[in-house]
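Trainee: Structure provided below as structure tokens; questions to follow.
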Amino acid sequence: DAGVIQSPRHEVTEMGQEVTLRCKPISGHDYLFWYRQTMMRGLELLIYFNNNVPIDDSGMPEDRFSAKMPNASFSTLKIQPSEPRDSAVYFCASSFSGGGEQFFGPGTRLTVL
Amino acid sequence: TQLLEQSPQFLSIQEGENLTVYCNSSSVFSSLQWYRQEPGEGPVLLVTVVTGGEVKKLKRLTFQFGDARKDSSLHITAAQPGDTGLYLCAGLLTQGGSEKLVFGKGTKLTVNP
């Protein structure tokens, strides 16, 4: 298996633009997680899905952020409109169980100018 | 406030030295995971400790879970330049029937040759 795949790896956009991050989890994993990592706040859980259903979105900063998982092999995280404070590395991870080992993708480095 | 406090935040040592990094909380965790993250990559699981007082060894790395399951430590013997990276602890919280992995901000370790 290729592991968790994220795209794009880097994204530079201007304030106010819509940004869509994509993730393909490891086949057979029932859980998918979206994280944001910054120097100031570390690795923060934004939202996670179990069997394509959002379970906990309490980490989503505000209504500008939304996430979907239309099927077991694809998820998106959308920011609309984007702001400079959204600049961070966004990670997608998947796992067999909610408390088990999480396998992380390489991340998307987002810069909002 | 950070649920899991890691210390030190930064550590720079010479090859061959020993070191210990700490992960502390006032919360009780079902289990605790340690990850290592290298620049430009996602975190990778090193070990999971489950039982209070548990000690696990991975070559030169020794992990300990506190008796009360609120804290953990990672000790590295005879550090090598290949040990350089960001070490993250993550505690598994069980709340209202759902499980959530909470990460510390990490200890950035640099081992100089």
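Those protein sequences? They're chains H and F, same order as listed.
Residue numbering for the first sequence follows my numbering, starting at 1 and increasing by one per position.
Residue numbering for the second sequence follows my numbering, starting at 1001 and increasing by one per position.
All C-beta atoms, glycine included, are put in the ideal place defined by N, C-alpha and C.
All of these numbers come straight from a predicted model, not from anything done at the bench.
State yes or no: is the C-beta of Arg1069 (chain F) within less than 7 Å of the C-beta of Phe1103 (chain F)?
Mentor: no
Trainee: Using a Cβ-Cβ distance cut-off of 7 Å, determine whether Gly16 (chain H) contacts chain C.
Mentor: Reference to chain C is not applicable here, since the protein chains of this structure are H and F.
Trainee: What is the rounded straight-line gap between the Cα of Ser95 (chain H) and the Cα of Asp30 (chain H)?
Mentor: 6 Å
Trainee: Return yes when the Cβ of Glu1099 (chain F) is within less than 7 Å of the Cβ of Leu1109 (chain F), no when it is not.
Mentor: no
Trainee: If you drop the 5 nearest sequence neighbours on each side, which residues of the same chain put their C-beta closer than 7 Å to that of Glu1015 (chain F)?
Mentor: Ala1079, Gln1080, Pro1081, Val1111, Asn1112 and Pro1113
Trainee: Taking Cβ-Cβ distances below 9 Å as the criterion, which residues of the region 99-110 of chain H are in contact with chain F?
Mentor: Gly99, Gly100, Glu101, Gln102, Phe103, Phe104, Gly105, Pro106, Gly107 and Arg109
Trainee: Listing by chain order, which chain H residues have their CB less than 9 Å from the CB of Glu1099 (chain F)?
Mentor: Ser97, Gly98 and Gly99
Trainee: What is the rounded straight-line gap between the Cα of Gly59 (chain H) and the Cα of Leu32 (chain H)?
Mentor: 14 Å
Trainee: Which residue from F:Gly1042, F:Val1047 and F:Glu1041 puts its Cα closest to that of Leu1032 (chain F)?
Mentor: F:Val1047
Trainee: Determine contact between the region 8-22 of chain H and the region 100-111 of chain H, defined as no fewer than three beta-carbon pairs at a distance below 8 Å.
Mentor: yes
Trainee: Return yes when the Cβ of Gln1006 (chain F) is within less than 7 Å of the Cβ of Leu1086 (chain F), no when it is not.
Mentor: no
Trainee: Can you list the residues of chain F that Ile55 (chain H) reaches, using a CB-CB cut of under 7 Å?
Mentor: Ser1098
Trainee: Taking C-beta to C-beta, are Leu1088 (chain F) and Gly1106 (chain F) nearer than 7 Å?
Mentor: In this structure, Leu1088 (chain F) lies near Gly1106 (chain F), with their beta-carbon atoms less than 7 Å apart.
Trainee: When the Cα atoms are used, what is the spatial distance from Leu1074 (chain F) to Pro81 (chain H)?
Mentor: 41 Å
Trainee: If we count the other Cβ atoms within 10 Å of its Cβ and call it buried at 16 or more, is Pro25 (chain H) buried or exposed?
Mentor: buried
Trainee: Using a Cβ-Cβ cut-off of less than 9 Å, list which residues of the region 21-33 of chain H approach chain F; keep chain order.
Mentor: So the list reads Phe33, given in the order they occur along the chain.
Trainee: Could you tell me the distance, in whole angstroms, from the CA atom of Ile47 (chain H) to the CA atom of Ile55 (chain H)?
Mentor: Their backbone Cα atoms lie some 8 Å apart in a straight line.
Trainee: What does Phe91 (chain H) reach in chain F if we use C-beta pairs closer than 9 Å?
Mentor: Gly1042 and Pro1043
Trainee: Please confirm if Gly59 (chain H) has its CB atom under 7 Å from at least one CB of chain F.
Mentor: It does not: the Cβ of Gly59 (chain H) has no partner Cβ on chain F nearer than 7 Å.
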